[in-house]
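Asker: In case it helps, the numbering used here puts the first sequence at residues 265 to 760.
Beta carbons are placed, not taken as given, at the ideal position from N, Cα and C, and that holds for glycine.
What follows is a structure written as structure tokens; I'll ask about it next.
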Amino acid sequence: MSIKPARTRIAPSPTGHMHLGTARTALYDYLLAKKTGGQFILRIEDTDLKRTVPGAEQEIMDGLLWLGLEYDEGPDLGGKYGPYRQTERREIYTQHAKILIDSGHAYPCFCMPEKLEKTRQAQMKRKENPHYDGTCRVLAPDEAAKRMANGEAYIVRFKMPKEGVTVARDHLRGDIITENKQLNDYVLLKSDGLPTYHLAAIVDDHEMQITHVLRGSEWLGTFPLHVNIVRAFGWEEPIWIHLSVFLKPSGKGKMSKRETAAAIKDGYSIFIKDMQELGFTPEGVLNWSALMGWGVAEDEVMTVDQMIERFNIDSLTASPAAINFQKLDHFNATHIRLFTTEDLAARLKPYFTREGLNVNDEVLLKIIPLIRERLVTLDDCLAFGTFFFREDVTPNPEDLIAKGLDAKQSAQIAQRVYQILAEQPDISHERCESPLRAYVEESGFNVNQVFGILRVAITGQKVSPPLFESMEIIGREKCLQRIKNAIEILEKMFNK
RNA sequence: GCCCCCAUCGUCUAGUGGCCCAGGACGAAGCCCUCUCAAGGCUUAAACCGGGAUUCGAAUUCCCGUGGGGGCACCA
């Protein structure tokens, strides 16, 4: 890889929620920039006024911030090559369109959209490829100039070479050769005066001195066009890297609205904002998405710093990758286990607070080692930790009855356990375990029965962190109270 | 319909002509550990899309099929 500092950019359109694909491209951009000591830039491609949605730009910036992919230049930060919002760069594009017209690489087109639509229909009917018929391409320059001067509405089209081939080099696929006759006279400047992607992206990437263009493979179709535009300007080309798309989990096609909705029902999403809310961590999401399209031989679990260390554009892959949410779970859980206790506590606290619980920081710190390896997503802490912060618990009466026993026997066990624990000077793990195990021995019941009743009594649930450690944290008073409560519940069951 | 891209276990991938009867990870199965659930340890099953060609030798190069994906807008 080149050791020259790379300038990379993520250039999303603010047309909807920020999704996984944007995040991964941004990650690679970021890794490449950091690896080479270069810069990573955010540019907002908002030239389609009709599709721009309010708030989308903010969501992108928030998403990048949450992921920790800090950009060096952007609409909110400014920078040497600004502005970084395309609607604010209008003049730059009109100037460049003019340069292309003057050099004979582009021309004004006065054709009306309705007329264009008609020819397109006719072409399709004749089973031809839909393409611009070239009416205005052959207009004499002075006539075109006259009509422009008369104030006639026009757009600007790129004058594609009709003959020969275009050789465009993608870093992952090598030379892509396209016959020029397959290419259209694409629109560069729209009637609202704003550029299309084709002009805007090419001009900006050059003006902003982008060295590596990482983008989705959906741009492969117009890639030859872009290369032709760069060459028409006489500019040096960046290194082009077209990243494969993400396929839905079945591997058949891109994520559609339907799959997206289905995923959310299962607690997954391809939208960054959702993932954050679903309890996924930036570390997990980044590690997971990094490895869809980037192959490392071993040691797949990486922090961002380790990724920077190991990143290499040569080891990116060109084939589409099916999304695998189980693997997201794995990476998320693994990174959670890597967090320091303090860090995890800080991330977990909001989940408890949101439930209206009064979180004692000391207790929170103590329960972390107990619940850490049980969390897949951060919000799982609720399932494992809520009972630590409640005054009392309300077990399901059925759950208090141990397997193979009835309510009366279970109550007897609870009684005895209460006595044993009440005799202890404190309720520490060391103190309580052996007398209880001794009771299990002599009583003839099994551990699961006895500890099961105790677990439900103390935690209110059948699945919980380790019992004795939990009791110690909850404290003697509360534990005894909860057992007493359980006994009452059981007694009510066989007395009625 | 036309154009382009891609093709290794179910999935993500390692592999750049011999180190590969193909390695890792997720998931699955089994065993161990165990107070539940996890985590952890060990083990197992699981792939080079098909056919030609080049070569002493091909998962790796080339061609043809097939399959999959993407694109054919005054959207990005």
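Whole angstroms are fine: how far does the CA of Leu646 sit from the CA of Val627?
Answerer: Position 363 of the first sequence, counted from the start, is the residue given in the question as residue 627. Position 382 of the first sequence, counted from the start, is the residue given in the question as residue 646. Their Cα atoms are separated by approximately 14 Å.
Asker: Taking Arg618 as the reference, which of Ser728, Asn576, Lys630, Thr650 has the closest Cα?
Answerer: Start at 1 with the first residue of the first sequence, and residue 618 comes out as number 354. Of the listed residues, the one whose Cα sits closest to Arg618 is Thr650.
Asker: Tell me where the alpha helix (DSSP H) around Leu664 begins and ends.
Answerer: Stepping through the first sequence from its first residue, residue 664 is reached at position 400. Note, Leu664: alpha helix (DSSP H), 661-664.
Asker: Out of curiosity, what's the CA-to-CA distance linking Gln713 and Asn759?
Answerer: One-based indexing of the first sequence puts residue 713 at position 449. One-based indexing of the first sequence puts residue 759 at position 495. Whole-angstrom Cα-Cα distance: 21 Å.
Asker: To the nearest angstrom, how far is it from the Cα of Val704 to the Cα of Leu511?
Answerer: Residue numbering aside, residue 704 sits at position 440 when the first sequence is read from its first letter. Residue numbering aside, residue 511 sits at position 247 when the first sequence is read from its first letter. Cα to Cα, the separation comes out at about 54 Å.
Asker: Exposed or buried, what is Val429 when buried is set at 16 or more other beta-carbons lying within 10 Å of its beta-carbon?
Answerer: Working through the first sequence from its first residue, we reach residue 429 at position 165. Val429 should be labelled exposed.
Asker: Pull up the CB-CB distance for Val681 and Leu700, whole angstroms please, since I reckon it's below 8 Å.
Answerer: One-based indexing of the first sequence puts residue 681 at position 417. One-based indexing of the first sequence puts residue 700 at position 436. Indeed they touch by this definition, with Cβ atoms about 7 Å apart.
Asker: Relative to the alpha-carbon of Thr272, which residue among Thr351, Ser508, Gly301, Asp530 has its alpha-carbon at the smallest distance?
Answerer: Against the first sequence, residue 272 aligns to sequence position 8. Thr272 has its Cα closest to that of Gly301, out of Thr351, Ser508, Gly301, Asp530.
Asker: Please determine, among Ile356, Gly398, Leu364, the residue with the shortest C-alpha to C-alpha distance to Met376.
Answerer: Taking the first residue of the first sequence as 1, we reach residue 376 at position 112. Of Ile356, Gly398, Leu364, the residue nearest in Cα terms is Gly398.
Asker: Is the CB-CB distance between Ala275 and Tyr357 below 8 Å?
Answerer: Walking along the first sequence from the start, residue 275 turns up at place 11. Walking along the first sequence from the start, residue 357 turns up at place 93. No, they are not a contact pair.
Asker: Within the continuous alpha helix (DSSP H) that includes Glu523, where are the two ends?
Answerer: In the first sequence, counting from the first residue as 1, residue 523 sits at position 259. Per DSSP, Glu523 belongs to the alpha helix (DSSP H) from 521-529.
Asker: Around the C-beta of Gly724, are 16 or more other C-beta atoms found within 10 angstroms, so that it is buried, or is it exposed?
Answerer: For this step, residue 724 is matched to residue 460 along the first sequence. The residue in question, Gly724, is buried, as its Cβ has 16 or more Cβ neighbours within 10 Å.
Asker: Which class does Arg479 belong to by DSSP, given the choice of helix, strand or coil?
Answerer: In the first sequence, residue 479 corresponds to position 215, counting from 1. Of the three classes helix, strand and coil, the one that applies to Arg479 here is strand, per DSSP.
Asker: Keeping to the same chain, check which residues put their C-beta closer than 8 Å to that of Cys743; ignore five residues upstream and five downstream.
Answerer: As a working mapping, residue 743 is identified with position 479 in the first sequence. Counting only Cβ-Cβ distances below 8 Å, and skipping sequence neighbours, we find Leu685, Ile691, Ile722, Met735.
Asker: Excluding the five sequence neighbours on either side, which residues of its own chain have a C-beta within less than 8 Å of the C-beta of Asp643, listed in chain order?
Answerer: Within the first sequence, numbered from 1, the residue matching residue 643 stands at position 379. Same-chain partners within the cutoff: Leu542, Gly543, Tyr615.
Asker: Look at the alpha carbon of Ile717 and the alpha carbon of Asp530, and state the distance between them as a whole number of angstroms.
Answerer: As a position in the first sequence, residue 717 is number 453, starting the count at 1. As a position in the first sequence, residue 530 is number 266, starting the count at 1. About 32 Å.
Asker: Ignore the nearest five residues each way along the sequence and tell me which others in Gly368's own chain have a CB closer than 8 Å to its CB.
Answerer: As a working mapping, residue 368 is identified with position 104 in the first sequence. Hits under 8 Å: Lys423.
Asker: How many Å lie between Ala702 and Leu664 at the Cα?
Answerer: Your numbering for residue 702 matches position 438 in the first sequence. Your numbering for residue 664 matches position 400 in the first sequence. Whole-angstrom Cα-Cα distance: 21 Å.
Asker: Going by DSSP, what residues sit across from Glu337 in a beta bridge?
Answerer: Taking the first sequence and counting its residues from 1, the one referred to as residue 337 is at position 73. Note: Glu337 sits in a beta bridge opposite Ile305.
Asker: When burial is assigned at 16 or more other CB atoms within 10 Å of the CB, is Gln570 buried or exposed?
Answerer: The residue you call residue 570 lines up with position 306 of the first sequence. It is exposed - the Cβ of Gln570 has fewer than 16 other Cβ atoms within 10 Å.
Asker: Decide if Gly559 is buried, meaning its Cβ has at least 16 other Cβ atoms within 10 Å, or exposed.
Answerer: Position 295 of the first sequence, counting from 1, holds the residue named residue 559. The residue is exposed, with fewer than 16 neighbouring Cβ atoms inside 10 Å.
Asker: What do you get for Ala297, buried or exposed, if any count of 16 or more other CB atoms within 10 angstroms of its CB means buried?
Answerer: Residue 297 sits at position 33 when you count from the first residue of the first sequence. Label assigned to Ala297: buried.
Asker: By DSSP's criteria, Glu443 is part of a beta bridge. Which residues make up the other side?
Answerer: Counting from 1 along the first sequence, the entry for residue 443 is found at position 179. BP columns for Glu443 point to Val429.
Asker: Roughly how many whole angstroms lie between the Cα atoms of Asp468 and Leu612?
Answerer: For the purposes of this step, residue 468 is taken as the residue at position 204 of the first sequence. For the purposes of this step, residue 612 is taken as the residue at position 348 of the first sequence. Each residue's alpha carbon lies about 42 Å from the other.
Asker: Leaving out five residues before and five after Ser266 in sequence, what residues of the same chain have Cβ atoms less than 6 Å from its Cβ?
Answerer: If you number the first sequence from 1, residue 266 lands on position 2. The predicted position of Ser266 is uncertain, since its pLDDT is 46 and thus under 50; no value can be drawn from it.
Asker: Using three-state DSSP, classify Cys645 as helix, strand or coil.
Answerer: The count along the first sequence starts at 1 and reaches residue 645 at position 381. Helix at Cys645.
Asker: So Ile572 and Leu306 are in contact, right, with Cβ under 8 Å, and what is the actual spacing, rounded?
Answerer: Taking the first sequence and counting its residues from 1, the one referred to as residue 572 is at position 308. Taking the first sequence and counting its residues from 1, the one referred to as residue 306 is at position 42. Not a contact, Cβ separation roughly 19 Å.
Asker: What does the alpha-carbon distance come out to for the pair Gln745 and Glu606?
Answerer: Numbered from its first residue, the first sequence carries residue 745 at position 481. Numbered from its first residue, the first sequence carries residue 606 at position 342. Taking the straight line joining both Cα atoms gives about 31 Å.
Asker: Output the distance between the C-alpha atoms of Leu284 and Glu321, rounded to the nearest integer angstrom.
Answerer: Taking the first residue of the first sequence as position 1, residue 284 is located at position 20. Taking the first residue of the first sequence as position 1, residue 321 is located at position 57. For Leu284 and Glu321, the distance between alpha carbons rounds to 15 Å.
Asker: Would you call the CB atoms of Ser481 and Ala287 closer than 8 Å?
Answerer: For this step, residue 481 is matched to residue 217 along the first sequence. For this step, residue 287 is matched to residue 23 along the first sequence. Contact: no.
Asker: Taking DSSP's pairing of strands, which residues face Tyr371 in a bridge?
Answerer: Looking up residue 371 in the first sequence gives position 107. Arg421, per the DSSP bridge assignment.
Asker: Exposed or buried, which one is Asp340 when buried takes at least 16 other CB atoms within 10 Å?
Answerer: Locating residue 340 in the first sequence gives position 76, counting from the first residue. Asp340 is exposed by the Cβ-count criterion.
Asker: With DSSP as the reference, label Met265 as helix, strand or coil.
Answerer: Here residue 265 is taken as the residue at index 1 of the first sequence, counted from 1. Reliability of the predicted coordinates at Met265 is poor, the pLDDT of 44 falling under 50, and the value obtained from them is presented with this limitation in mind. Three-state DSSP puts Met265 in coil, outside helix and strand.
Asker: Would you decide whether Lys299 is buried or exposed? Buried here means 16 or more other CB atoms lie within 10 Å of its CB.
Answerer: One-based indexing of the first sequence puts residue 299 at position 35. By the neighbour-count rule (16 or more Cβ atoms within 10 Å), Lys299 is buried.
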